[in-house]
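**Student:** Mind having a look at this structure? Questions to follow.
In our numbering, the protein residues as written are 4 to 1017.
Right, here's the structure in full:
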């Protein structure tokens, strides 16, 4: 890594923080580098019948087609759903625009950025090649559901290449389409860098695309740009030209200082760049110029602030033409202006993948970035003897013909990249290896890894690809992996998560799954979260230990409680909660104190309060709260009824009262209240009704033991609770007056959010919350948690989150007969479960996220500094969308293409909208609307309640929809009406209502019929 940048002002330099590419033989940058390093020539040769063959058929004659091309796999395929495109829109979009759009998303994901969550401005600078797809669309217009020529030009025009990406990905910075022929993408990189330095944007995508589907072969001409045998031999004596190729590439750029401050992975540094034009100083418009090229290289070196002899690699334009190569080397030699000889390696990526036209510059740029990362120089192919017009011996350059270590003797690795456009627009950039980064910190702190996709199949592939990446790169810190997945990816409908302490742990968890670890599709809209605070019984020494050690919010809350209680108790509650594990005496003392009523209840409250504060830091706010017995005090505190100090005072007083009672016990009985009450002899009280057949009895120990024996004899299995007292029984009645006075002395406030009473089962009113008598009754009377659950479960689908030790309340919520689609989640493990507290809490967070609850990822990482790291990008589920010109043999293919119907035919309702019942009025109207929806969007059928715009429609398609409906409806339609009634059902109702109103109005103004007068 380069140390010099540590001492320099980084404000003038640009970091490369991400990239993505699709080149011949390479679906991504990893495959691209593998091919480069292995010296693979990725050109496809074709036989006379048009089928691919391994070897070139021989040299073409003048005027003949050169049957060779660099193919990009799946250029005719696209994941329309991933970009909200209807099938018809996907079919009309030029394959070049589709490939470019996918690359743009992949590049941002590679950099670890989700545009929706990035606060700065993201710009895009790029260009493409002219394709023939518009002509193909015009020739097959009958297949495009009446699309206008304007729509076809929007779908194929190069003017819209970058603005479409900005629209589909939500980029708020400049969207600039660049067009300088072969140098387009490197010029775009220069412009993007300048925009970053000028403050026009904070992140910039830059690159280009050249995609022809099907491939377009060129013709050989003497002295022309194409090689007659389809091979590019840059700088070689046999060089006769280059070969056409598809390709697309984008890099993500950021100001270096910002990238380092934000924890980005810096893949290389763009030190300086320049662009110019040859002007008239050459023999013809298409001819290159030594002076023009030399000037742009000199300017770039000055901008970079480096000497030419520090450049040890040049990625040349290198088209392999007899005229172009000698001029390029001469210009480089002139610009370097040094006496040193053959110290700089030179090569051309066109010998590997051909000439990708508008993407040629970014191809060389990405190749060089990868070489800097790997510290190796890949070979330039097809070079045996130098072109006699190139004087390599007396130049700084020599052609690199093998994979070699990029050894610079400890000096920074630097490289130049050139791209030269026909017409004379030249670009040159100077790249340098990334600055040294500190060694990552290795910890075994558990991490939450999240993945999402548009569908279950894509989600399964995403999980599989992540596992493969982690196996290949076990050195990447798991915290950085988690952070990148959390903040650098869009959250889609289908979600999965896994929790692990290290990479091996995560891999084991993934391997144990037959499918995704968790595959959830959130309900529409955000589910409310209900905080449930348990009562006494789940307390144990060590609860929350990991959370205390790793989560500042939890630790701050516990420490605040300790500070309040230590002067009152005479000892530190922390010694009970978290004694030193290796100190046997401390553990013994802590266990004894945890068994005491006062200390045990205080510990439960402290943990509940701390867990609630932790969830708040993690971004989860309760829509409502409910507590069980002691838990009601935590619920009231979170609802704003009590301050923390007053709540602790009340819990302390309450626990002292209960501890002073005669020896008592509590028994859990699995019987309905109606069957249990007749069994309660004098002295026993019904302490709690937690569900239809889940009750608890409280009373003196002897009476409880007698009841348990009777129940056992009758075949009912009851269970003693871990509560050393008889709360909610007649035994507390003598102490109620004193407790009422205690409540009277603390400040009480109306609740700030809904709080469901476990005394009444209803929402606590403002009057009840502040009434001391309510709290006295709460201490004495039956806990009706089952009723409270019933009230909450009658509401919208929610998440019931247990906030405290154990899983009792989550289990009760899950077992409730009204549980339905509600989700119950526990934060902490059961006392007998050896799962770590942090793993349990992170698993709960994962379940919430998988159900659609947004989390604060910054809060989740508790202030730890994280890096964005390269990870597998979205697994697109591509389908073929291609219109081919009439003279080609391949058929036009589109998703789920249906047989054409006779003109004027109205399909049945079920064939267009499935078997959904029509509640939208007249069946003929519904069918006509559904048919129009399907035809305009290119879908085989639509749902009665599917949203036209969510299916991929736009204002232009809405106009087409109106045109199709106009002959069949009496009501004048405007585009605004489609936006207001965007479903089949709503539009049908609108038309019926409008027709009825129109008929009524006409009737009102018609003159009454009467006798005619002469």
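All C-beta atoms, glycine included, are put in the ideal place defined by N, C-alpha and C.
It should be emphasised that the depicted structure is a prediction, and the values quoted were computed from it without experimental measurement.
Among all the DSSP beta bridges, which residues are the ones paired with residue 47?
**Tutor:** Numbered from its first residue, the chain shown carries residue 47 at position 44. Beta-bridge pairing links residue 47 to 72.
**Student:** Residue 791 and residue 821 - do their beta-carbons sit closer together than 9 Å?
**Tutor:** Within the chain shown, the letter at position 818 stands for residue 821. Within the chain shown, the letter at position 788 stands for residue 791. Result no, Cβ atoms of residue 821 and residue 791 do not sit closer than 9 Å.
**Student:** When the Cα atoms are used, what is the spatial distance from residue 825 to residue 801?
**Tutor:** One-based indexing of the chain shown puts residue 825 at position 822. One-based indexing of the chain shown puts residue 801 at position 798. Their backbone Cα atoms lie some 5 Å apart in a straight line.
**Student:** Using C-beta distances below 6 Å, list every residue in its chain close to residue 860, excluding the 5 sequence neighbours before and after it, in chain order.
**Tutor:** Numbered from 1 along the chain shown, position 857 holds the residue referred to as residue 860. Its chain contains 489, 490 as the residues whose beta carbon lies nearer than 6 Å to that of residue 860, once the 5 sequence neighbours on both sides are disregarded; these appear in chain order.
**Student:** DSSP three-state label for residue 472, please.
**Tutor:** Taking the chain shown and counting its residues from 1, one reaches residue 472 at position 469. It is helical.
**Student:** Do the CB positions of residue 831 and residue 547 come within less than 9 Å of each other?
**Tutor:** Residue numbering aside, residue 831 sits at position 828 when the chain shown is read from its first letter. Residue numbering aside, residue 547 sits at position 544 when the chain shown is read from its first letter. Their beta carbons are under 9 Å apart, which means residue 831 touches residue 547 by this criterion.
**Student:** Determine the closest residue to residue 690 out of 709, 668, 92, with distance taken between C-alpha atoms.
**Tutor:** Your numbering for residue 690 matches position 687 in the chain shown. That would be 668, whose Cα lies nearest to the Cα of residue 690.
**Student:** Let me know the secondary structure DSSP gives residue 790 once reduced to three states.
**Tutor:** Along the chain shown, read from residue 1 onward, the residue named residue 790 stands at position 787. Three-state DSSP puts residue 790 in a helix.
**Student:** Report yes or no: do three or more beta-carbon pairs, one from the region 179-192 and one from the region 210-230, lie closer than 8 Å?
**Tutor:** Contact between the region 179-192 and the region 210-230 is present, because at least three Cβ pairs lie under 8 Å.
**Student:** How many Å lie between residue 886 and residue 136 at the Cα?
**Tutor:** Taking the chain shown and counting its residues from 1, the one referred to as residue 886 is at position 883. Taking the chain shown and counting its residues from 1, the one referred to as residue 136 is at position 133. Cα to Cα, the separation comes out at about 8 Å.
**Student:** Check for me: the alpha helix (DSSP H) holding residue 355 runs from which residue to which?
**Tutor:** Looking up residue 355 in the chain shown gives position 352. Where residue 355 is concerned, the enclosing alpha helix (DSSP H) stretches over 353-356.
**Student:** Indicate whether residue 433 and residue 303 have their beta-carbon atoms separated by less than 9 Å.
**Tutor:** Locating residue 433 in the chain shown gives position 430, counting from the first residue. Locating residue 303 in the chain shown gives position 300, counting from the first residue. Against a cut-off of 9 Å, the Cβ pair of residue 303 and residue 433 comes out as a contact.
**Student:** Give, in chain order, every unbroken run of the alpha helix (DSSP H) that is at least 4 residues long and sits entirely within the region 168-251.
**Tutor:** 187-201
**Student:** Which one of 545, 471, 588, 356 has the shortest CA to CA distance from residue 46?
**Tutor:** Against the chain shown, residue 46 aligns to sequence position 43. Per the Cα distances, 356.
**Student:** Starting from the C-beta of residue 108, find all residues in its chain whose C-beta is less than 7 Å away, skip the five residues before and the five after it, and write them out in chain order.
**Tutor:** Within the chain shown, residue 108 is the residue found at index 105, counting from 1. Counting only Cβ-Cβ distances below 7 Å, and skipping sequence neighbours, we find 172, 877.
**Student:** Run the CB neighbour count on residue 429, radius 10 Å, all protein chains shown included, and call it buried at 16 or more, exposed below.
**Tutor:** Taking the chain shown and counting its residues from 1, the one referred to as residue 429 is at position 426. Label assigned to residue 429: buried.
**Student:** My output table needs one value for residue 15: the three-state DSSP class, helix, strand or coil.
**Tutor:** Position 12 of the chain shown, counted from the first residue, corresponds to residue 15. Correct three-state label for residue 15: helix.
**Student:** Confirm, please, whether the CB-CB distance from residue 379 to residue 414 is below 9 Å.
**Tutor:** Within the chain shown, residue 414 is the residue found at index 411, counting from 1. Within the chain shown, residue 379 is the residue found at index 376, counting from 1. It is not a contact, given that the beta carbons lie outside the stated cut-off.
**Student:** Given that a residue counts as buried once 16 or more other Cβ atoms are within 10 Å of its Cβ, and exposed if not, what is residue 581?
**Tutor:** Here the question's residue 581 lines up with position 578 in the chain shown. Classification of residue 581: buried, given that the 10 Å Cβ count is 16 or more.
**Student:** Per DSSP, which one or two residues make a beta bridge with residue 669?
**Tutor:** The residue given as residue 669 occupies position 666 in the chain shown. Note: residue 669 sits in a beta bridge opposite 701.
**Student:** Is it buried or exposed, residue 222, if we count other Cβ atoms within 10 angstroms and call 16 or more buried?
**Tutor:** On the chain shown, residue 222 is found 219 positions in, with the first residue counted as 1. Its Cβ having fewer than 16 others within 10 Å, residue 222 is exposed.
**Student:** Could you give the residue range of the alpha helix (DSSP H) that holds residue 604?
**Tutor:** Position 601 of the chain shown, counted from the start, is the residue given in the question as residue 604. 600-620 is the extent of the alpha helix (DSSP H) around residue 604.
**Student:** For residue 385 and residue 508, I'd like the C-alpha separation in whole angstroms.
**Tutor:** Taking the first residue of the chain shown as 1, we reach residue 385 at position 382. Taking the first residue of the chain shown as 1, we reach residue 508 at position 505. Distance between the alpha carbons of residue 385 and residue 508: 47 Å.
**Student:** Could you compute how far the alpha carbon of residue 956 sits from the alpha carbon of residue 932?
**Tutor:** The residue given as residue 956 occupies position 953 in the chain shown. The residue given as residue 932 occupies position 929 in the chain shown. Distance between the alpha carbons of residue 956 and residue 932: 14 Å.
**Student:** Does the region 112-132 come into contact with the region 476-496, if we say contact requires no fewer than three beta-carbon pairs (one atom in each stretch) closer than 8 Å?
**Tutor:** yes
**Student:** Based on the DSSP secondary-structure assignment, which residues constitute the bridge partners of residue 408?
**Tutor:** Numbered from 1 along the chain shown, position 405 holds the residue referred to as residue 408. According to DSSP, which records beta bridges pairwise, residue 408 is partnered with 379.
**Student:** Considering only the alpha carbon of each residue, which of 645, 646, 717, 660 lies closest to residue 672?
**Tutor:** Stepping through the chain shown from its first residue, residue 672 is reached at position 669. Minimum Cα distance to residue 672 is reached at 717.
**Student:** From what residue to what residue does the beta strand (DSSP E) around residue 958 run?
**Tutor:** If you number the chain shown from 1, residue 958 lands on position 955. Run containing residue 958: none in the beta strand (DSSP E); it sits in the alpha helix (DSSP H), 958-968.
**Student:** Identify, in the order they occur along the chain, each residue of the same chain with its Cβ nearer than 7 Å to the Cβ of residue 78, setting aside the five sequence neighbours on each side.
**Tutor:** Along the chain shown, read from residue 1 onward, the residue named residue 78 stands at position 75. Close CB contacts of residue 78 within its chain, under the 7 Å cut and outside five residues either way in sequence, are with 98, 102, 214, 216, 249 (chain order).
**Student:** Based on DSSP bridge pairs, tell me the residues matched to residue 428.
**Tutor:** Here residue 428 corresponds to residue number 425 of the chain shown, with the count starting at 1. Answer is 280, bridged to residue 428.
**Student:** Of all the options 228, 1003, 982, 889, which has the alpha carbon lying nearest to the alpha carbon of residue 952?
**Tutor:** Taking the chain shown and counting its residues from 1, the one referred to as residue 952 is at position 949. Out of 228, 1003, 982, 889, 982 has the C-alpha closest to the C-alpha of residue 952.
**Student:** What are the start and end residues of the alpha helix (DSSP H) that includes residue 339?
**Tutor:** Walking along the chain shown from the start, residue 339 turns up at place 336. Residues 327-339.
**Student:** Just to confirm, are residue 121 and residue 194 a CB contact at a threshold of 9 Å?
**Tutor:** By one-based count along the chain shown, residue 121 stands at place 118. By one-based count along the chain shown, residue 194 stands at place 191. Going by C-beta atoms, residue 121 is not nearer than 9 Å to residue 194.
**Student:** Cα separation between residue 938 and residue 497?
**Tutor:** Here residue 938 refers to the residue found at position 935 when the chain shown is read from its first residue. Here residue 497 refers to the residue found at position 494 when the chain shown is read from its first residue. Between residue 938 and residue 497, the C-alpha separation is close to 28 Å.
**Student:** Going along the chain, which residues of its own chain have a beta-carbon closer than 6 Å to the beta-carbon of residue 559, five neighbours each way excluded?
**Tutor:** Within the chain shown, numbered from 1, the residue matching residue 559 stands at position 556. The answer is none, since no qualifying residue turns up.
**Student:** For the region 164-181 against the region 321-335, are there 3 or more C-beta pairs whose distance is under 8 Å?
**Tutor:** The answer is no - the region 321-335 does not touch the region 164-181, with fewer than three Cβ pairs under 8 Å.
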